[in-house]
Structures are given as C-alpha cells and as structure tokens.
C-alpha cells in the first residue's frame, strides 16, 4: 500500500484524483439518461465534433475548451433540430454534423502544424496536468449539469420512458431534450481534461451500461453507474502512477473491464434456474 | 355546471397532411362530456393521426380543434386533464422502471418543476394501482408484466390525477381475448364512476361497439358517426372498409351472445 500512499503526496496526483472523480460523477449520472434516451451515438458525435472547436481555438488563440464548448453546444442543437424535421433520423444527423466538424478540425490543424503537440493532449487527455483553476471550472460545470438533472429528474425520466405521453400531458419534452444534449456537450468538454475527446464518450456510455447489467431499476443503475465510474478513475490513475500508463486510456480500459465483469455476472445470474 | 354543456372535443372540417400525403379530410366530430367514443376504421385509415390531432401532437392543416375548450397545443397546465395511453406502450422496450415508477410518471405534470413526489402523490398512485388491480405488482419491473397488465398500468398512469378525457390508441393490441373484454369493462366502469370522457381507437369493431356510446368510422374522411347499432347497420361502414359487413354486436352484460364480425370478400 506504500506506493498508493506515496501517490497522494504529489499535489498533481491529488488534483488528478479530485478532477477524475468529479468528471466521473458528472458523466456517470448523465450516462443513465444517455442510455435511457438512446443517445450513446449522440455522445460519440458531440465529443468528436469537439475536434473542430479545439482546432479553432488553437488556431485563433482563443481558449480551445471554450471554442470546443461552443461547437459542442451548436452540434447538440444541430442534432436536435435536424432530427426534429422528421426527414432524417438522429443517427444520420449525428453522422453528417460530426464528420463535417471533424473534417473542419483536421483542415484547420493542417494550417497550424505547430499546435499539434497541444492537440494531442486534447485528443487523449492529460488529467495529471489539471490545474486548480481547471478544477474550479470542472466544479462549475458539475454544479450546472447535476443541478439541471436534479431539478428535472422526474421529467427527464418520464421523457426518457415515453416522450410523446410526457409531451401530451404538459411536460416540456422538447426543451428537456435540448437541455440534455447541451448537458452532454458541457460534460464532453469537461471530460476532455480526463480522457480526451477521443475517449470522452466512453465515460458517457459505459458507467450506466455496467449499471444496466447489475440492476433492474433506475435507482440501482444510477448508484452502480457512479460507483463504477469512480472505481475506474481510481484503478486507471493508480495503474497510470504505478506503471507509467496513459491515464485516460487506463481509466477507459478499467471501465471496459468492469463492464465485461458485470456482463459475465449477469449471464451467470440469468442462467441460474429461478 | 355550464361547463358540462360544452363539448369535450370539437373538431370542425379538419384536414391533416403528413409528409405530403393527406391523411385526414374534412373531419368533424363533437363529443359531449361523459361519453365513450370508439374510433374505428381499416388499417391506415388515419385513426391514430386523428387521435394525435386531438392530443395536439399534429396540428391540422385546415379546420379547427378544441379540446376542453382550447386548442390542444394551447392547453398549458390544463393538459393534465388529458390521459393518454399510446399504442403498444412498451413494445420492444427494456425499461428499468417498476410499475409504481411508471404510474408515478402520471403525477409528474401535477407535482411541479423541481419538486419531489409527496404523500398526496403516493396516495393517489396507490389508489390508482388498486383500482386497476395492480397493487400486488407495484414493485415488479414494468417489462415483466403481461400485455393486459401493462395496459392497465398505463391506464393507472393516465388516471392518477383529475383526468377528464382519456384517450387510448388500440388498447387491446397484444392483449389476449379474455383480458380485452376485461379492459373494456374497466374503461366502462371508469367512465361511469368518474364521469370520464373516453376516446379509444380500435379495429376490433365488434367488441368496441358493445361498450362505446358512439362510434365514428374513419377512412381518411368521416364515413359515419353515431349510435353503435346504427353505425353497424349503416351501409357507410361497408364503404369505409371497402367490403360487405356482416356484424353481430358484442353485448357485455348479456343478451348479445357471441361477438363476431365477418368481413365479406374484398
């Protein structure tokens, strides 16, 4: 246990753990709604679209996370608006917008070759370099997103289960749908710190997927989702510290392993005679 | 009491075009409070679209709709007076909600934003579950119920508030025959007990005609609307279904014997 105790002697590791747990909490709570509303592909799309925003920030000198936030929010609204027309399904809208914005990002990066080192940390995350200021920003995003979900949780659950009935009985389903997409956009930008934009969607999908394997009710799924997210952050950061592995990749790999463990437990449980 | 004199539903010359195709043409239906209307018609006739106009999901391209005295999309918080049971509410869907959770969703519009369900909400949900005979199933996952139980849970969700208009889209689809009869009986009891107005879409003409006070037959246009027996005997019904209609009505309280509808050769 001594190496683990040593780990917390370093301020940067303490900040990394705090930031990781914060982002993981945010993503794990949101992931329940991402799975209920079948927005996993939207999470992937929005996170990849962030490349356009990051590149724009790097080239123009504006904070890349701010431009990424703007692009992600715009993408979220775009996905909502295009899919509401009824002529295109949401997955097609995501496919078009996401690839378009990624292509935009790639073209911009070609113009600004000197920034490719910075770009790498946005692509794959660098949680060990999280500053106190960034932690405060992360906490702000967490308060906003968790506040939104806490305030509207029963409406969000209703809309996730039965959008048309919710709308007919006076629940502002369309507004909440946009709200959820914007919350995903904000969370993706927050998760860029931890795992980078390439892997951010994993944090938005896998925690609740673990929960869905282990529990039959949304409360249980939410609890397991949060615990599995935290466990993955802890395992990922510890292995990153002990064996000098990439922190973002280690966190996502830990989550994937937790998912397969839960999947196997579920299979065994379902195979047992009642 | 003047309120009871106003129709719950008033559709006048309603046209609806969806995706460039005219789905409804010149539909005019008026329904007084406490009545049970059965909307019938062949597959693809526009019955569900008509319901969705009534619910404010679709806006008519021509004509006017009034539900509880207002345009359905302008009901605001009064929308909670409408209960809606959609077609195959749980078809192909895994949902991590208990029966109790699902029925509590019916209270969401009454609880208010940012508030948690209180003692009154819990009591009303429990009463609604009991009325639907689902008290013992409250903690079961909604996906583990039979088709008939799911529909009763959806009705419980629609009725756990001051519902004045209950709208159901093919409530008996996926429900076995004895439970179909039980479902309609339950709807009839609710109508009488609570002075509820009921509108239900069904293609099971014979069974519905035994419970509805009025039948309206739609096949893009309104072919006939009135007393079930008169509608069943009307030649308009055959026109709507494009077939001969040889019908024996189903009488829920005896006297009707077997229910059976026989469509002649197309």
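Chains as they are written, first to last, in the numbering used here: chain F, 4 to 277; chain B, 1210 to 1475.
A virtual CB, placed ideally from N, CA and C, is assigned to each residue, including glycine.
This structure is a prediction, so every number in the text was calculated from the model and none was measured.
What did DSSP end up calling residue 1234(B) once you bin it into helix, strand or coil?
-> Here residue 1234(B) is taken as the residue at index 25 of the second chain, counted from 1. It is a strand residue.
Helix, strand or coil at residue 124(F) [DSSP, three-state] | Along the first chain, one-based indexing puts residue 124(F) at 121. Helix.
Taking only the alpha-carbon atoms, compute the straight-line gap between residue 1477(B) and residue 1221(B) and give it to the nearest angstrom.
-> As shown, chain B starts at 1210 and ends at 1475. That puts residue 1477(B) outside it, with no answer to give.
Does the beta carbon of residue 166(F) come closer than 8 Å to any beta carbon on chain B?
-> Locating residue 166(F) in the first chain gives position 163, counting from the first residue. Under the 8 Å criterion on CB atoms, residue 166(F) is classed as non-interfacial with respect to chain B.
Under the three-state DSSP convention, the category residue 1293(B) falls into | Stepping through the second chain from its first residue, residue 1293(B) is reached at position 84. Residue 1293(B): strand per DSSP, three-state reduction.
According to DSSP, what are the bridge partners of residue 1245(B)?
-> Indexing the second chain from 1 puts residue 1245(B) at position 36. DSSP, once it has assigned bridges, lists 1407(B) as partnering residue 1245(B).
Compare the C-beta of residue 1241(B) against all C-beta atoms of chain C and say whether one is closer than 8 Å.
-> In the structure shown, chain C cannot be found, because the protein chains are F and B.
Does any residue of chain F bring its CB to less than 8 Å from the CB of residue 1474(B)?
-> Your numbering for residue 1474(B) matches position 265 in the second chain. Only weak support is given to the placement of residue 1474(B): the predicted model assigns it a pLDDT of 35, under 50, and the value that follows is read from those uncertain coordinates. Chain F, which has no Cβ nearer than 8 Å to the Cβ of residue 1474(B), makes this no.
Could you spell out where the alpha helix (DSSP H) holding residue 204(F) opens and where it closes?
-> Working through the first chain from its first residue, we reach residue 204(F) at position 201. 176 to 217 is the extent of the alpha helix (DSSP H) around residue 204(F).
Identify which residue in 179(F), 165(F), 258(F) and 38(F) has its Cα closest to the Cα of residue 152(F).
-> Counting from one through the first chain, the residue named residue 152(F) turns up at place 149. It is 179(F).
Leaving out five residues before and five after residue 67(F) in sequence, what residues of the same chain have Cβ atoms less than 6 Å from its Cβ?
-> Working through the first chain from its first residue, we reach residue 67(F) at position 64. Only 57, 60 and 61 meet the Cβ criterion.
Determine the contact status of residue 209(F) and residue 262(F), defining contact as a CB-CB distance below 8 Å.
-> Locating residue 209(F) in the first chain gives position 206, counting from the first residue. Locating residue 262(F) in the first chain gives position 259, counting from the first residue. Going by C-beta atoms, residue 209(F) is nearer than 8 Å to residue 262(F).
Give the range of the alpha helix (DSSP H) segment to which residue 34(F) is assigned.
-> The residue given as residue 34(F) occupies position 31 in the first chain. Where residue 34(F) is concerned, the enclosing alpha helix (DSSP H) stretches over 14 to 39.
Inter-stretch contact (C-beta, 8 Å, three-pair minimum) for the stretch 1338 to 1358 of chain B and the stretch 191 to 202 of chain F = Counting Cβ pairs under 8 Å, fewer than three are found: no touch.
If you compare alpha carbons, which of 100(F), 14(F) and 25(F) is closest to residue 146(F)?
-> As a first step, residue 146(F) must be located in the first chain, where it is residue number 143. Checking every option, the nearest Cα to that of residue 146(F) belongs to 25(F).
When DSSP labels each residue in this structure, what does residue 1219(B) get in the three-state scheme?
-> On the second chain, residue 1219(B) is found 10 positions in, with the first residue counted as 1. Residue 1219(B) falls in the strand class under three-state DSSP.
Determine the contact status of residue 1235(B) and residue 1430(B), defining contact as a CB-CB distance below 8 Å.
-> Position 26 of the second chain holds residue 1235(B). Position 221 of the second chain holds residue 1430(B). Yes. Within cutoff.
Cα separation between residue 1470(B) and residue 1361(B)?
-> For this step, residue 1470(B) is matched to residue 261 along the second chain. For this step, residue 1361(B) is matched to residue 152 along the second chain. Note that residue 1470(B) has pLDDT 42, beneath the 50 cutoff, so the model's placement of it is unreliable and the number below is only indicative. The straight-line gap from Cα to Cα measures roughly 26 Å.
Touch check for the stretch 1223 to 1240 of chain B and the stretch 1384 to 1392 of chain B: three-plus C-beta pairs under 8 Å?
-> No, they do not touch.
Presumed contact (8 Å Cβ cut-off) between residue 100(F) and residue 48(F), rounded CB distance | Position 97 of the first chain, counting from 1, holds the residue named residue 100(F). Position 45 of the first chain, counting from 1, holds the residue named residue 48(F). That belief holds up - the Cβ atoms of residue 100(F) and residue 48(F) are roughly 7 Å apart, short of 8 Å.
How many Å lie between residue 235(F) and residue 1415(B) at the Cα?
-> The residue given as residue 235(F) occupies position 232 in the first chain. The residue given as residue 1415(B) occupies position 206 in the second chain. Looking at the backbone, the Cα of residue 235(F) and that of residue 1415(B) are separated by about 59 Å.
Nonlocal neighbours in the same chain, by C-beta distance under 8 Å from residue 1316(B), ignoring five residues either side = On the second chain, residue 1316(B) is found 107 positions in, with the first residue counted as 1. For residue 1316(B), where only same-chain residues beyond five positions count, the Cβ hits under 8 Å are 1326, 1330, 1333, 1334, 1369 and 1370.
Host alpha helix (DSSP H) of residue 1415(B) (start-end) | Numbered from 1 along the second chain, position 206 holds the residue referred to as residue 1415(B). Residues 1414 to 1418.
Please name the residue or residues paired with residue 1434(B) in a DSSP beta bridge.
-> Here residue 1434(B) refers to the residue found at position 225 when the second chain is read from its first residue. Its beta-bridge partners are 1425(B).
In the stretch 147 to 180 of chain F, which residues sit with their C-beta less than 8 Å from some C-beta in chain B, listed in chain order?
-> Result list: 154, 155, 157, 158, 160, 161, 164, 165, 167, 168, 169, 170, 171, 172, 173 and 174.
Three-state secondary structure (DSSP) of residue 1380(B) = Looking up residue 1380(B) in the second chain gives position 171. Residue state, collapsed to three classes: coil.
Comparing alpha-carbon positions, which option in 86(F), 91(F) and 260(F) lies nearest residue 184(F)?
-> Here residue 184(F) refers to the residue found at position 181 of the first chain. Ranking 86(F), 91(F) and 260(F) by Cα distance to residue 184(F) puts 86(F) first.
Give the range of the alpha helix (DSSP H) segment to which residue 46(F) is assigned.
-> Against the first chain, residue 46(F) aligns to sequence position 43. From DSSP, the alpha helix (DSSP H) with residue 46(F) extends over 43 to 63.
My guess is that residue 1417(B) and residue 1432(B) are in contact by the Cβ rule of under 8 Å, so how many angstroms apart are they, rounded?
-> The sequence position of residue 1417(B) within the second chain is 208, counting from 1. The sequence position of residue 1432(B) within the second chain is 223, counting from 1. Actually they are not in contact, since the Cβ atoms of residue 1417(B) and residue 1432(B) sit about 16 Å apart, beyond 8 Å.
Report the partner residues of residue 1274(B) according to the DSSP bridge assignment.
-> Counted from its first residue, the second chain places residue 1274(B) at position 65. For residue 1274(B), DSSP records a beta bridge to 1220(B).
Measuring alpha carbon to alpha carbon, tell me which of 1245(B), 1233(B) and 1251(B) ends up nearest residue 1413(B).
-> For the purposes of this step, residue 1413(B) is taken as the residue at position 204 of the second chain. Of the residues 1245(B), 1233(B) and 1251(B), the one whose Cα lies closest to the Cα of residue 1413(B) is 1251(B).
Nearest CA to the CA of residue 102(F): which residue from 53(F), 142(F), 29(F) and 150(F)?
-> Translated into the one-based positions of the first chain, residue 102(F) becomes position 99. Looking from the CA of residue 102(F), the closest CA among 53(F), 142(F), 29(F) and 150(F) belongs to 53(F).
In angstroms, rounded to a whole number, what distance separates the CA positions of residue 1405(B) and residue 1309(B)?
-> Taking the second chain and counting its residues from 1, the one referred to as residue 1405(B) is at position 196. Taking the second chain and counting its residues from 1, the one referred to as residue 1309(B) is at position 100. Roughly 23 Å separates the two Cα atoms.
Kindly confirm or deny that the stretch 236 to 245 of chain F and the stretch 66 to 82 of chain F touch, where touching means at least three C-beta pairs closer than 8 Å.
-> Counting Cβ pairs under 8 Å, fewer than three are found: no touch.
What residues match up with residue 1375(B) in a beta bridge as DSSP calls it?
-> Here residue 1375(B) is taken as the residue at index 166 of the second chain, counted from 1. Bridge partners of residue 1375(B) according to DSSP: 1292(B) and 1407(B).
Around the Cβ of residue 1267(B), are there at least 16 other Cβ atoms within 10 angstroms (buried) or fewer (exposed)?
-> The residue you call residue 1267(B) lines up with position 58 of the second chain. Counting Cβ neighbours within 10 Å, residue 1267(B) comes out buried, since at least 16 surround it.
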